[in-house]
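In my numbering, the protein residues as written are 799 to 1221. Glycine residues also receive a C-beta, built at the ideal position from the N, C-alpha and C atoms. This one's a predicted model, so the numbers in the text were calculated from it and none came from an experiment. Notes to accompany the following structure.
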Amino acid sequence: MVVGENAQGGRVNQQVIVIGAGPAGLMAAEELSARGFSVTVYDAMPSVGRKFLLAGIGGMNITHSEPLDFFLKRYAPCSEVLLDCIRRFDNQAVVNWMTDLGVSSFVGTSGRVFPNEMKAAPLLRAWLARLKAAGVTFKMRHRWQGWDVSGANVFDSPDGCIKVMADATVLSLGGASWPRLGSDASWVPWLKAAVVDIKPFVAANCGFDVSGWSAHLRDKFAGAPIKPVALRVNDAEGEPLFERRGELVLTETGLEGGLIYAASRVLRESLERTGQATVYLDLLPQHDLAQVQREVGHPRGARSMSSHLASRLGLKGVKTALLFEQLQAAQWADALQLAHQIKALPITFTATRPIDEAISSAGGVSFDSLDAHLMLKNCAGVFCAGEMLDWEAPTGGYLLTACFATGRVAGQGAAAWLSSLNK
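Pasting the structure below:
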């Protein structure tokens, strides 16, 4: 029964719930509460924003400052619905939102945007204070178990199984990476049962494995940064599909780091097609091939080749070790071949690292199952947001921005849908 309306037109007895207390869910709750709806946020974890806080341990990269046209290309290929969400709450809007929370920011040398304190906790505290002041309530340790036959949301809670009817629900349940923080994709069977198209989850922003490093390389250099370096991935015709300069890290099983993460979609798709993926590392991106060839061919006298490369080109440590790992004796003896290998050292991957080690995942709820407001076409009043949707992006603030943006659109969509029920 309608018992009155709030100032924004929402029925005061409408039950609005958000399931998932990550960035997307919190943003949905903010949008709903700002429009006068009473909102309850449920989450399986003991506290709010667990993955958000972990992501901020090494420095909270909240978004990126590049022009929007370039920013949007980081998500390609993807649904136009996702791009429209980001246009409605873009990278500059994220900065303005932080400022409104009293959290100032700065742009790093890479163009990434960070809170001045470089940590997630102060931002999360300010955000939660605003949400609670707006009347948002939180119920932790409530694990969603889908719907019962009446359409009620079922939760496994500290008080046992509880059922909650809702006039609108925003699902922000995360992807399949970091299961220990709640993103375990346990929600997939319930949405599949509702005839929602779910794309299989795969690792994104992850490391890649080689067939096996030598014990020497693994034991001495695992964890060593490789910088500066440029990475290239070619198509079947030898034309560059991906090419960028940055940093890598050698791991016990292969390579990881920012450049690998940025290329992860291309590498993963190559693995799916052919069973392997090859990258070419330019170990001296600051030098051109002619200069490298000239220095390699310079008479070295009694010096070893490793000492020669260190002296003439500053090439040493893990970079030299990688060369010894990959090259044959004949390639070391030929200055031209060696120079070419230094400028384009092939590393072939045979697998991605497991998805539970990945920073994020690709796959999830297909945008074909959603309308422009992120409501499920087969489940009226149920909206989806965040990493449970089928999209991916590299690290650098792009992941968080899309979570904020889709959460905002889902919250706005739920508010509009609820208001339409009053007419």
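* Assuming GLY1209 contacts GLU829 (C-beta within less than 8 Å), just tell me the rounded distance between them. => In the sequence shown, counting from the first residue as 1, residue 1209 sits at position 411. In the sequence shown, counting from the first residue as 1, residue 829 sits at position 31. About 3 Å; that satisfies the 8 Å criterion.
* **Close beta carbons around ALA1119, own chain, < 8 Å, minus the five adjacent residues each side** => By 1-based counting over the sequence shown, the position of residue 1119 is 321. Close CB contacts of ALA1119 within its chain, under the 8 Å cut and outside five residues either way in sequence, are with HIS1014, LEU1015, LYS1018, PHE1019 (chain order).
* So ALA966 and ALA1212 are in contact, right, with Cβ under 8 Å, and what is the actual spacing, rounded? -> Indexing the sequence shown from 1 puts residue 966 at position 168. Indexing the sequence shown from 1 puts residue 1212 at position 414. About 4 Å separates the beta carbons of ALA966 and ALA1212, which is inside the 8 Å limit, making them a contact pair.
* Asked: If we ignore side chains and look at the alpha-carbon of each, how far apart do GLY906 and TYR1196 end up?
  -> Position 108 of the sequence shown, counted from the first residue, corresponds to residue 906. Position 398 of the sequence shown, counted from the first residue, corresponds to residue 1196. C-alpha separation (whole angstroms): 15 Å.
* Taking the continuous beta strand (DSSP E) assigned at ILE996, which residues delimit it? -> Mapped onto the sequence shown, residue 996 falls at position 198. Membership of ILE996 in the beta strand (DSSP E) is indicated by the continuous run 996-1002.
* Report the three-state DSSP secondary structure of HIS1085 (helix, strand or coil). => Position 287 of the sequence shown, counted from the first residue, corresponds to residue 1085. HIS1085: coil per DSSP, three-state reduction.
* To do: Go to LYS871, then tell me how far its alpha helix (DSSP H) extends in each direction, as first and last residue.
  => Residue numbering aside, residue 871 sits at position 73 when the sequence shown is read from its first letter. LYS871: member of the alpha helix (DSSP H) spanning 866-871, first to last residue.
* Any beta strand (DSSP E) of 3 or more consecutive residues that is wholly inside the segment 1029-1058 -> Counting only runs of at least 3 residues, the segment 1029-1058 fully encloses the following beta strand (DSSP E) elements, listed from N- to C-terminal order: 1038-1048, 1052-1054.
* Is ARG1032 near THR1072, with beta carbons less than 9 Å apart? -> On the sequence shown, position 234 is the one that residue 1032 refers to. On the sequence shown, position 274 is the one that residue 1072 refers to. Note on identity: in this sequence residue 1032 is Asn, with Arg being the wrong assignment. No, Cβ-Cβ distance for ASN1032 and THR1072 is not below 9 Å.
* Asked: So, are the CB atoms of SER1104 and PHE1122 less than 9 Å apart?
  -> The residue given as residue 1104 occupies position 306 in the sequence shown. The residue given as residue 1122 occupies position 324 in the sequence shown. Yes, the pair counts as a contact, with Cβ atoms nearer than the cut-off.
* To do: Identify whether TRP945 lies in helix, strand or coil by the three-state DSSP scheme.
  => Reading the sequence shown from its first residue, position 147 is the one you call residue 945. Taken through DSSP and simplified to helix, strand or coil, TRP945 comes out as strand.
* Asked: For VAL814, which residues of its own chain have a beta-carbon under 6 Å away from its beta-carbon, when the five flanking residues on both sides are left out?
  -> As a first step, residue 814 must be located in the sequence shown, where it is residue number 16. Once the five neighbours on either side are set aside, the close Cβ partners of VAL814 are LEU830, PHE835, VAL837, ALA966.
* Quick one: is ASN894 buried, meaning 16 or more other Cβ sit within 10 Å of its Cβ, or exposed? -> Counting from one through the sequence shown, the residue named residue 894 turns up at place 96. Counting the other Cβ atoms within 10 Å of the Cβ of ASN894 gives fewer than 16, which makes it exposed.
* Asked: When burial is assigned at 16 or more other CB atoms within 10 Å of the CB, is PHE1202 buried or exposed?
  -> Taking the sequence shown and counting its residues from 1, one reaches residue 1202 at position 404. It counts as buried.
* Integer Cβ distance of LEU1069 from ALA1149, believed to fall under 8 Å -> Position 271 of the sequence shown, counting from 1, holds the residue named residue 1069. Position 351 of the sequence shown, counting from 1, holds the residue named residue 1149. About 7 Å; that satisfies the 8 Å criterion.
* Return the chain-ordered list of same chain residues with a C-beta closer than 6 Å to the C-beta of GLU1287, the five sequence neighbours on each side being excluded. => Look at the range of the chain in this structure, 799 to 1221, and you will see that residue 1287 is not part of it.
* Boundaries of the alpha helix (DSSP H) in which ASN1176 is found, first to last residue -> Taking the sequence shown and counting its residues from 1, one reaches residue 1176 at position 378. In this chain, ASN1176 is not harboured by any alpha helix (DSSP H), its DSSP state being neither H nor E.
* beta strand (DSSP E) containing CYS959: first to last residue? -> As a working mapping, residue 959 is identified with position 161 in the sequence shown. Counting along the chain, CYS959 sits inside the beta strand (DSSP E) bounded by residues 958-962.
* Leaving out five residues before and five after ALA1156 in sequence, what residues of the same chain have Cβ atoms less than 7 Å from its Cβ? -> As a first step, residue 1156 must be located in the sequence shown, where it is residue number 358. Once the five neighbours on either side are set aside, the close Cβ partners of ALA1156 are SER975, ALA1001, ALA1002, ASN1003, CYS1004.
* Asked: With which residues is ILE860 paired in a DSSP beta bridge?
  -> Taking the sequence shown and counting its residues from 1, one reaches residue 860 at position 62. None, per the DSSP bridge assignment.
* With LYS937 as the anchor, note down where its beta strand (DSSP E) starts and where it stops. => Taking the first residue of the sequence shown as 1, we reach residue 937 at position 139. Element bounds for LYS937: 935-937.
* Asked: Going by beta carbon distance, what residues of the same chain come within less than 6 Å of GLN806, once the five residues before and after it are set aside?
  -> Taking the sequence shown and counting its residues from 1, one reaches residue 806 at position 8. Low confidence applies to GLN806: its pLDDT is 42, below 50, so where it sits in the model is not reliable, and the reading given next is rough at best. Its chain contains ARG833, GLY834 as the residues whose beta carbon lies nearer than 6 Å to that of GLN806, once the 5 sequence neighbours on both sides are disregarded; these appear in chain order.
* Asked: Going straight from the alpha carbon of SER1217 to that of VAL1047, what length do you get?
  -> The count along the sequence shown starts at 1 and reaches residue 1217 at position 419. The count along the sequence shown starts at 1 and reaches residue 1047 at position 249. Distance between the alpha carbons of SER1217 and VAL1047 is about 51 Å.
* **Buried or exposed by the 16-neighbour rule on C-beta atoms within 10 Å, applied to GLN1091** => Numbered from its first residue, the sequence shown carries residue 1091 at position 293. A residue is called buried once 16 or more other Cβ atoms fall within 10 Å of its Cβ, and GLN1091 is buried on that count.
* Straight-line Cα distance separating ILE1058 from ILE1140 -> Numbered from 1 along the sequence shown, position 342 holds the residue referred to as residue 1140. Numbered from 1 along the sequence shown, position 260 holds the residue referred to as residue 1058. Rounded to whole angstroms, ILE1140 to ILE1058 spans 19 Å at the Cα level.
* Are any of the Cβ atoms in chain D nearer than 9 Å to that of LEU1065? -> Among the chains in the structure shown there is no chain D, since it carries only a single protein chain.
* Asked: Given 8 Å as the limit, is there contact between the segment 1159-1178 and the segment 840-855, that is, 3 or more CB pairs closer than that?
  -> By the Cβ rule, the segment 1159-1178 does not count as touching the segment 840-855, because fewer than three pairs are nearer than 8 Å.
* Asked: Less than 9 Å separating the beta-carbons of LEU1198 and ALA1183?
  -> In the sequence shown, the residue the question calls residue 1198 occupies position 400. In the sequence shown, the residue the question calls residue 1183 occupies position 385. No, the pair does not count as a contact, with Cβ atoms beyond the cut-off.
* Asked: What three-state label does DSSP hand SER1158 in the structure shown?
  -> Sequence index remark: in the sequence shown, residue 1158 carries index 360 (1-based). Looking at SER1158 - three-state DSSP - the assignment turns out to be strand.
* When you compare only the Cα positions, how much space is there between SER984 and TRP945? -> Here residue 984 refers to the residue found at position 186 of the sequence shown. Here residue 945 refers to the residue found at position 147 of the sequence shown. When rounded, the distance between both Cα atoms is 14 Å.
* To do: With DSSP collapsed to three states, give me the class of ASP1223.
  => Limits of the chain in this structure are 799 at one end and 1221 at the other, which puts residue 1223 out of reach.
* To do: Would you identify the three-state DSSP class for PRO913, choosing helix, strand or coil?
  => In the sequence shown, residue 913 corresponds to position 115, counting from 1. If DSSP states are grouped into helix, strand and coil, PRO913 belongs with the strands.
* Measuring CA to CA, which of GLY1194, LEU1187, ALA1191, ALA1200 is closest to GLY973? -> Translated into the one-based positions of the sequence shown, residue 973 becomes position 175. For GLY973, the nearest C-alpha among the options comes from LEU1187.
* Asked: In chain order, what residues of the same chain have a beta carbon less than 7 Å from the beta carbon of ASP995, not counting five sequence neighbours either side?
  -> As a position in the sequence shown, residue 995 is number 197, starting the count at 1. Taken in chain order, the residues that qualify are SER1164, ASP1166, SER1167.
* Is DSSP giving PRO1026 helix, strand or coil here? -> By one-based count along the sequence shown, residue 1026 stands at place 228. Here PRO1026 sits in strand by DSSP.
* Asked: Terminal residues of the continuous beta strand (DSSP E) containing PHE1147?
  -> For the purposes of this step, residue 1147 is taken as the residue at position 349 of the sequence shown. Bounds of the beta strand (DSSP E) holding PHE1147 are 1143-1147.
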